[in-house]
Amino acid sequence: MSADAVIRMPDQKKGVILRGHPMAFLVTDENTRHTSMFDWTIPPEFATGRHVHRVQEETFYLLEGECEWHVGDRTIRATPGTFLFIPPGVPHNITNVSEKPARVLMTVSPPGHEHYFEEL
Numbered sequence: 011m012s013a014d015a016v017i018r019m020p021d022q023k024k025g026v027i028l029r030g031h032p033m034a035f036l037v038t039d040e041n042t043r044h045t046s047m048f049d050w051t052i053p054p055e056f057a058t059g060r061h062v063h064r065v066q067e068e069t070f071y072l073l074e075g076e077c078e079w080h081v082g083d084r085t086i087r088a089t090p091g092t093f094l095f096i097p098p099g100v101p102h103n104i105t106n107v108s109e110k111p112a113r114v115l116m117t118v119s120p121p122g123h124e125h126y127f128e129e130l
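If you want it as structure tokens, here you go:
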């Protein structure tokens, strides 16, 4: 792990393409001991399966578009500016409910979740 500051200019993003849309890795386990951060463009009508993280906690901040989260027994219709914190053990999923891409700033702690996305 580096002790250097991380500065990523718009043309210096690294990441992956998921279902034809970019997921930029802003901070990874190469840079920090505490969190990974992603700029995720979610395809129209895409849905993750309902899942649970046993160790990781996640945050989501919707930048663009409209998504629906199921978190525990709640359903949240999210518009830009909506923030969610999901602790370990809470079942959840996300669906882009529109016909346009949505964009989410996402963190996962502890870091390393980028390796999961690299393997998809």
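Convert by adding 10 to the 1-based position in the sequence shown; the result is the number in the numbering used here. Where is the CB? At the ideal position from N, CA and C, for every residue including glycine. In this text the structure is predicted, and so the values were computed from the model without any measurement.
Nearest-angstrom Cα separation, counted from phenylalanine 95 out to leucine 28 | Cα to Cα, the separation comes out at about 23 Å.
Just the Cα atoms here: how many angstroms apart are tyrosine 126 and valine 118?
-> 12 Å
Phenylalanine 70 and threonine 51 closer than 9 Å at C-beta = no
Rounded separation between aspartate 21 and phenylalanine 48 - CA only | 15 Å
Glutamate 109 versus aspartate 39: straight-line alpha-carbon distance, rounded | 33 Å
Proline 101 by DSSP, collapsed to three states: which one?
-> coil
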